[in-house]
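Protein chains in written order, with full-length UniProt numbering: chain A, 1 to 199; chain B, 1 to 199.
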DNA sequence: TCACTCTATTGACGGTCGTTCAATAGCGCC
DNA sequence: GGCGCTATTGAACGACCGTCAATAGAGTGA
């Protein structure tokens with residue numbers, strides 16, 4: 001038992017350390033397997049310190065999910081110019097690349113959000129609509145996708161399809177290359193918009 | 001404190017009672033808010049009895065989710081004849097009707113499965129592929145959807161889109177009628193299949 | 001009607017984990 | 001080199017999961 005003597009960090013450093021560790025541990029565990037005990041031990045601190053910084057397990061989980069979601073947003077920078085469908089393809093490629101590179105972490109993020117409470121889902125929804133708005137609200141509006149209520153529902157549903165397709169493809173490519181996958185995703189958006197009831 | 005005297009039921013009756021209660025409570029709670037304590041109190045029994053019947057909290061959760069999934073399958077009987085796309089529409093209508101009628105319960109089911117462990121997800125996947133196979137594997141194969149690996153991935157992704165669309169629509173119809181929604185879902189399947197890379 | 005048996009059911013106990021809070025000890029400052 | 005601020009600790013409490021020997025309800029036979 002090598003009990004490290006207490007090390008005193010600045011609040012910013014400590015917060016960052018705990019959030020990074022939380023995201024890292026989340027990659028190989030579900031959210032409720034991410035206990036305060038486990039994290040405190042991994043970080044070499046007492047349980048009490050986590051409560052000093054985050055107040056509750058719930059709040060800590062929210063902070064970890066937000067941290068992971070921010071990472072996703074940051075690492076998939078939006079294209080700023082070019083043809084609408086090309087921008088969409090660029091955006092989707094960045095997304096697929098990110099999911100491929102952070103497979104376990106991304107799956108944990110999605111599951112944590114889907115199975116979590118209102119707050120966790122809201123955080124994930126924010127990230128998702130942020131990804132969507134990059135591709136549609138600013139770029140494709142009025143070009144590929146008219147901004148109608150029905151189309152908003154359809155675009156949201158389409159992004160659920162895209163997420164499922166990417167995660168399924170990673171587990172088993174079904175004979176498709178990454179280009180096939182992205183090509184399908186890009187083409188499917190106008191395809192489903194075309195069959196949307198008039199809005 | 002009115003402590004009811006112990007009532008002795010047959011194992012079948014007791015099991016049924018506990019599962020029904022579990023599904024009913026799940027409608028207004030997440031799965032990990034469904035504690036053994038809570039359920040035992042609601043059922044008017046001791047915690048020990050739940051362990052006698054289900055062995056563990058995990059096993060009880062699985063039984064509840066399976067019970068709810070079976071209910072979904074049972075209440076959405078498959079069409080047996082007619083044109084392929086008509087059968088698809090009938091099947092989707094039954095699905096949408098079910099989700100509308102059991103909104104809270106269905107949402108809890110989906111969230112429990114998505115946020116749960118391997119076993120819970122497997123149960124939900126079974127139910128989902130059972131719904132899918134009704135509409136595609138037996139009916140549409142070779143007619144609307146050729147049975148290729150890529151198409152399997154696409155059909156799976158399409159069903160994720162359908163689920164998201166229905167749940168979003170229930171919260172906010174976005175100006176769409178139920179016929180609009182179902183029409184969109186029916187039309188979107190051939191639409192996305194049409195842009196699937198050759199398999 | 002009364003044992004008697006079978007087993008459905010209980011309640012108390014041990015362990016894990018989330019949460020609180022008064023006490024402790026690093027680190028910068030004078 | 002001492003002092004004060006505050007980052008950090010660890011013990012204590014409650015809620016909940018899981019176990020098991022003891023208990024009591026209900027049918028059965030006389």
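Idealized CB from N, CA, C, for every residue including glycine.
Out of the options, point me to the one whose CA is closest to residue i's CA.
i: residue 73(B); options: 180(B), 191(B), 130(B), 166(B); result: 130(B)
i: residue 190(A); options: 89(A), 99(A), 116(A); result: 89(A)
i: residue 122(B); options: 24(B), 52(B), 7(B), 61(B); result: 61(B)
i: residue 93(B); options: 193(B), 192(B), 197(B), 177(B); result: 177(B)
i: residue 6(B); options: 101(B), 49(B), 32(B); result: 49(B)
i: residue 148(A); options: 80(A), 193(A), 51(A); result: 193(A)
i: residue 118(B); options: 20(B), 58(B), 42(B); result: 58(B)
i: residue 102(A); options: 9(A), 27(A), 115(A); result: 27(A)
i: residue 157(A); options: 188(B), 32(B), 198(B); result: 188(B)
i: residue 183(A); options: 115(A), 85(A), 42(A), 41(A); result: 85(A)
i: residue 162(A); options: 150(A), 153(A), 41(A), 186(A); result: 186(A)
Taking 9 Å as the CB-CB limit, is residue i close to chain A?
i: residue 183(B); result: yes
i: residue 188(B); result: yes
i: residue 146(B); result: no
i: residue 11(B); result: no
i: residue 172(B); result: yes
i: residue 110(B); result: yes
In chain order, what residues of the same chain have a beta carbon less than 6 Å from the beta carbon of residue i, not counting five sequence neighbours either side?
i: residue 109(A); result: 68
i: residue 4(B); result: 44
i: residue 113(B); result: 120, 121, 124
i: residue 132(B); result: 159
i: residue 181(B); result: 169
i: residue 95(B); result: 76
Which same chain residues end up closer than 8 Å to residue i when comparing Cβ atoms and leaving out the 5 residues on each side of it in sequence?
i: residue 168(B); result: 174
i: residue 171(A); result: none
i: residue 20(B); result: 67
i: residue 34(A); result: 22, 25, 26, 61, 64
List, in chain order, every chain A residue whose beta-carbon is nearer than 8 Å to that of residue i.
i: residue 117(B); result: 30
i: residue 103(B); result: Residues of chain A passing the Cβ test: none, with the nearest at roughly 16 Å.
Residue i touches chain B at which residues, Cβ-Cβ below 7 Å?
i: residue 61(A); result: Ordered by position in chain B, no residue passes the 7 Å Cβ test against residue 61(A), which lies about 12 Å from the chain.
i: residue 191(A); result: 191, 192, 194, 195
i: residue 168(A); result: 153, 156, 157
i: residue 164(A); result: 156, 157, 160
Skipping 5 residues on each side, what residues in its chain have a beta carbon closer than 7 Å to that of residue i?
i: residue 23(B); result: 64, 67, 68, 105
i: residue 111(A); result: 30
i: residue 179(A); result: none
i: residue 36(B); result: 47, 50, 57
i: residue 15(A); result: 53
i: residue 134(B); result: 78, 91
i: residue 127(A); result: 69, 72, 73
i: residue 197(B); result: 150
i: residue 143(A); result: 84
i: residue 75(B); result: 98
i: residue 42(B); result: 21, 25
So is residue i in contact with chain B if we call contact Cβ pairs under 9 Å?
i: residue 89(A); result: no
i: residue 22(A); result: no
i: residue 180(A); result: yes
i: residue 43(A); result: no
i: residue 82(A); result: no
Residue i touches chain B at which residues, Cβ-Cβ below 9 Å?
i: residue 114(A); result: 110, 111, 113, 114, 115
Exercise for review: For the UniProt domain "HTH tetR-type" (12-72) of chain B, list the beta strand (DSSP E) runs that are entirely contained and at least 3 residues long, ordered along the chain.
Suggested key: none
Review point. Could you give the uninterrupted runs of the alpha helix (DSSP H) lying entirely in the segment 141-172 of chain B, keeping only those of 4 residues or more?
Key: 149-171
Exercise for review: Mind listing, in chain order, the continuous alpha helix (DSSP H) runs of no fewer than 4 residues lying wholly within the segment 73-122 of chain A?
Suggested key: 84-101, 103-115
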